[in-house]
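Read top to bottom, the protein sequences are chains A and B.
Under my numbering, the letters of the first sequence match residues 18 to 305, in that order.
Under my numbering, the letters of the second sequence match residues 188 to 342, in that order.
From the three backbone atoms N, C-alpha and C, an ideal C-beta is built for every residue, glycine too.
A quick note: this is a predicted structure, and the numbers were derived from the prediction, not measured.
See structure below.
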Amino acid sequence: MAACIQRLDRAIFSIRLLRNVQLHNERSLSTSLHRLALDTEQPSKFTPPVKPVIIDKTQSVASLRKFLSPEFVPPRQRTKPIKFTIERKDMIRRRKVLNIPEFYVGSILAVTMTDPHATGKNNRFVGICIQRGGRGLGATFVLRNIIDNQGVEICYEMYSPRVQQIEVLKLEKRLDDNLMYLRDALPEFCTVDTDMKPQPSSPTGEVPVNKTRVRMLPKPWSKRWERPKYDVKGIRFDLCLSPEQMEHAQKWAQPWVEYDMLKEYDTSKLEEAIYTELQQEAAAATAK
Amino acid sequence: MALLNHLAKCKSMHLACHALRVDATSLTQHSAFSVSAVSAAIQKMTRVRVVDNSPLGNTPHHRAPRVIHVYTKNGVGKVGDKVLLAIKGQKKKALIVGHKMPGERMTPRFDSNNVVLIEDNGNPTGTRIRVPVPTHLRKLEGDYSKLLAIASRFV
Chain A
18 MAACIQRLDR AIFSIRLLRN VQLHNERSLS TSLHRLALDT EQPSKFTPPV KPVIIDKTQS
78 VASLRKFLSP EFVPPRQRTK PIKFTIERKD MIRRRKVLNI PEFYVGSILA VTMTDPHATG
138 KNNRFVGICI QRGGRGLGAT FVLRNIIDNQ GVEICYEMYS PRVQQIEVLK LEKRLDDNLM
198 YLRDALPEFC TVDTDMKPQP SSPTGEVPVN KTRVRMLPKP WSKRWERPKY DVKGIRFDLC
258 LSPEQMEHAQ KWAQPWVEYD MLKEYDTSKL EEAIYTELQQ EAAAATAK
Chain B
188 MALLNHLAKC KSMHLACHAL RVDATSLTQH SAFSVSAVSA AIQKMTRVRV VDNSPLGNTP
248 HHRAPRVIHV YTKNGVGKVG DKVLLAIKGQ KKKALIVGHK MPGERMTPRF DSNNVVLIED
308 NGNPTGTRIR VPVPTHLRKL EGDYSKLLAI ASRFV
């Protein structure tokens with residue numbers, strides 16, 4: 018009796034299911050039939066278009082290269098390391114507010130800073146980075162551009178609260194770490210278009226090296242760039258100096274400095290440690 | 188060719204400076220002397236470049252305009268200081284609008300010592316300043332408002 022009832026229950030349940038399925042099938046069948054019928058008679062029912070996936074190319078992707086900004090590496094001094102640790106903490110705090118992108122000497126940057134005297138409170142300057150100096154919070158970089166046939170250079174403090182935005186328009190390296198010789202070069206090598214659009218760069222892979230060798234104005238220059246102590250590779254000396262003058266410049270060479278052990282300062286281990294510390298900080302920040 | 192074009196583009200002071208670089212006797216009537224790198228603010232005897240479009244500043248002369256007095260407590264002139272120039276055999280006051288010496292961080296440093304001719308009451312002699320001018324000159328809104336009005340570009 019109980020078994021009968023159970024079987025009956027199951028039967029009723031299955032019938033109900035079947036009926037539901039049948040109804041569902043009927044419904045789908047009916048709509049498909051309806052659709053088929055419609056297809057033959059009129060255009061199909063309105064299907065909304067696929068939503069376009071917007072890839073924002075203007076926003077720069079955070080670089081995936083292993084890059085440690087040079088101002089994090091402390092100089093060889095007698096100060097206690099705790100000073101550098103505290104300073105690094107402050108630098109990270111500032112970097113959370115202002116995005117300081119990866120750039121090298123020779124890249125073209127656009128910096129917007131607050132200026133109480135400028136119209137609209139902000140002042141934008143575009144230029145080629147010729148020097149990165151200073152360590153810690155006082156790190157600076159110098160941008161150079163030629164505006165209205167007048168060469169202008171501005172030395173920006175990277176961590177200054179006046180700096181609103183640092184944008185890399187063109188990321189590239191040059192043959193030298195210090196492009197101060199551009200002051201004595203022909204103006205075409207320093208002119209940067211103020212309305213230049215940011216050129217996209219790949220976040221992985223090597224940074225492109227711009228191997229242009231610059232042509233100079235006639236001597237005298239602000240510094241004797243042909244001398245070996247400046248070790249300039251980015252000037253076309255063959256166009257402005259004779260081989261005798263180049264040989265004469267070699268008199269100031271100091272070949273023993275390369276082997277001087279007291280001048281050695283190997284920063285590789287320090288850089289590794291600081292890099293891992295920064296990664297950990299970044300991970301901790303994103304975890305929060 | 189590029190060099191000649193570059194020379195053609197430059198104004199009087201620049202022209203004189205580069206002429207000295209190329210050949211000291213060609214454009215000026217000086218004998219050859221060494222032109223050391225200028226990296227200091229403006230003081231007595233500095234040669235300056237007049238950047239407005241006044242006829243006094245732009246007509247060529249065999250001598251570059253020189254500073255003969257700086258109206259500050261020390262004899263050093265920075266941006267916004269008044270100086271006395273000797274141009275074309277006459278004395279004229281001028282205002283410094285940019286120098287080669289690096290100043291404060293975040294302020295521009297120019298590749299030439301720029302100066303704008305001025306009258307005794309502070310009015311500029313020329314009618315336009317084509318060269319970029321530092322924004323912190325606007326502090327002198329009261330005295331030199333006319334000068335700031337004729338500046339075409341602020342850096």
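Can you tell me the Cβ-Cβ gap for residue i and residue j, rounded? I've got them flagged as a contact below 8 Å.
| i | j | result |
| --- | --- | --- |
| residue 128 (chain A) | residue 160 (chain A) | 7 Å |
| residue 190 (chain A) | residue 251 (chain A) | Going by Cβ atoms, the distance from residue 190 (chain A) to residue 251 (chain A) rounds to 11 Å, so no, they are not a contact pair. |
| residue 186 (chain A) | residue 279 (chain A) | Not really, about 42 Å apart at Cβ, beyond 8 Å. |
| residue 269 (chain A) | residue 244 (chain A) | 5 Å |
| residue 257 (chain B) | residue 284 (chain B) | Contact flag wrong, Cβ pair sits at about 15 Å. |
| residue 319 (chain B) | residue 340 (chain B) | 5 Å |
| residue 298 (chain B) | residue 168 (chain A) | 3 Å |
| residue 175 (chain A) | residue 156 (chain A) | 5 Å |
| residue 209 (chain A) | residue 145 (chain A) | 6 Å |
| residue 327 (chain B) | residue 267 (chain B) | 6 Å |
| residue 254 (chain B) | residue 272 (chain B) | 6 Å |
| residue 280 (chain B) | residue 269 (chain B) | 6 Å |
| residue 81 (chain A) | residue 303 (chain A) | Incorrect: roughly 15 Å between the Cβ atoms, too far for contact. |
| residue 228 (chain B) | residue 293 (chain B) | The pair is not a contact, with the Cβ atoms about 18 Å apart (cut-off 8 Å). |
| residue 298 (chain A) | residue 103 (chain A) | Not quite, the Cβ-Cβ distance comes to about 14 Å (not below 8 Å), so this is no contact. |
Residue i bridges to which residues according to DSSP?
| i | result |
| --- | --- |
| residue 144 (chain A) | A:126 |
| residue 310 (chain A) | With chain A running from 18 to 305 in the structure shown, residue 310 (chain A) is simply not present. |
| residue 229 (chain B) | B:264 |
| residue 152 (chain A) | Per DSSP, none; premise fails for residue 152 (chain A). |
| residue 239 (chain B) | B:316 |
| residue 341 (chain B) | B:320 |
| residue 131 (chain A) | A:139 |
| residue 226 (chain A) | A:190 |
| residue 234 (chain B) | B:253 |
Is residue i buried or exposed, if buried means 16 or more other CB atoms sit within 10 Å of its CB?
| i | result |
| --- | --- |
| residue 209 (chain B) | Annotation note: pLDDT 41 at residue 209 (chain B) (below 50); position unreliable, no value reported. |
| residue 114 (chain A) | exposed |
| residue 323 (chain B) | buried |
| residue 101 (chain A) | buried |
| residue 308 (chain B) | exposed |
| residue 249 (chain B) | exposed |
| residue 69 (chain A) | exposed |
| residue 233 (chain A) | buried |
| residue 223 (chain B) | Residue placement at residue 223 (chain B) cannot be trusted, given a pLDDT of 49 that sits under 50; what the coordinates show is reported in the next sentence. By the neighbour-count rule (16 or more Cβ atoms within 10 Å), residue 223 (chain B) is not buried but exposed. |
| residue 260 (chain A) | exposed |
| residue 233 (chain B) | buried |
| residue 276 (chain B) | exposed |
| residue 300 (chain A) | exposed |
| residue 342 (chain B) | buried |
| residue 171 (chain A) | buried |
| residue 199 (chain A) | buried |
| residue 282 (chain A) | exposed |
| residue 193 (chain A) | buried |
| residue 88 (chain A) | buried |
| residue 93 (chain A) | exposed |
| residue 142 (chain A) | buried |
| residue 107 (chain A) | exposed |
| residue 286 (chain B) | buried |
| residue 120 (chain A) | buried |
| residue 263 (chain A) | exposed |
| residue 293 (chain A) | exposed |
| residue 241 (chain B) | buried |
| residue 262 (chain B) | exposed |
| residue 99 (chain A) | exposed |
| residue 301 (chain B) | buried |
| residue 140 (chain A) | buried |
| residue 132 (chain A) | buried |
For the beta strand (DSSP E) holding residue i, just list the boundary residues, first then last.
| i | result |
| --- | --- |
| residue 174 (chain A) | 167-174 |
| residue 162 (chain A) | 157-164 |
| residue 183 (chain A) | 180-187 |
Give the range of the alpha helix (DSSP H) segment to which residue i is assigned.
| i | result |
| --- | --- |
| residue 99 (chain A) | 98-114 |
| residue 255 (chain B) | Not the alpha helix (DSSP H): residue 255 (chain B) falls in the beta strand (DSSP E), residues 253-257. |
| residue 337 (chain B) | 332-337 |
Flag residue i as yes if its beta-carbon sits less than 8 Å from any beta-carbon of chain C, otherwise no.
| i | result |
| --- | --- |
| residue 191 (chain A) | Of the protein chains in the structure, A and B, none is chain C. |
Please specify which runs of the alpha helix (DSSP H), each continuous and at least 4 residues long, are wholly inside the region 269-329 of chain B, giving them in chain order. Runs of the alpha helix (DSSP H) lying entirely within the region 269-329 of chain B and spanning at least 4 residues: none are present.
Length-filtered (4 minimum) alpha helix (DSSP H) runs lying within the region 247-287 of chain A: 254-257 and 260-266
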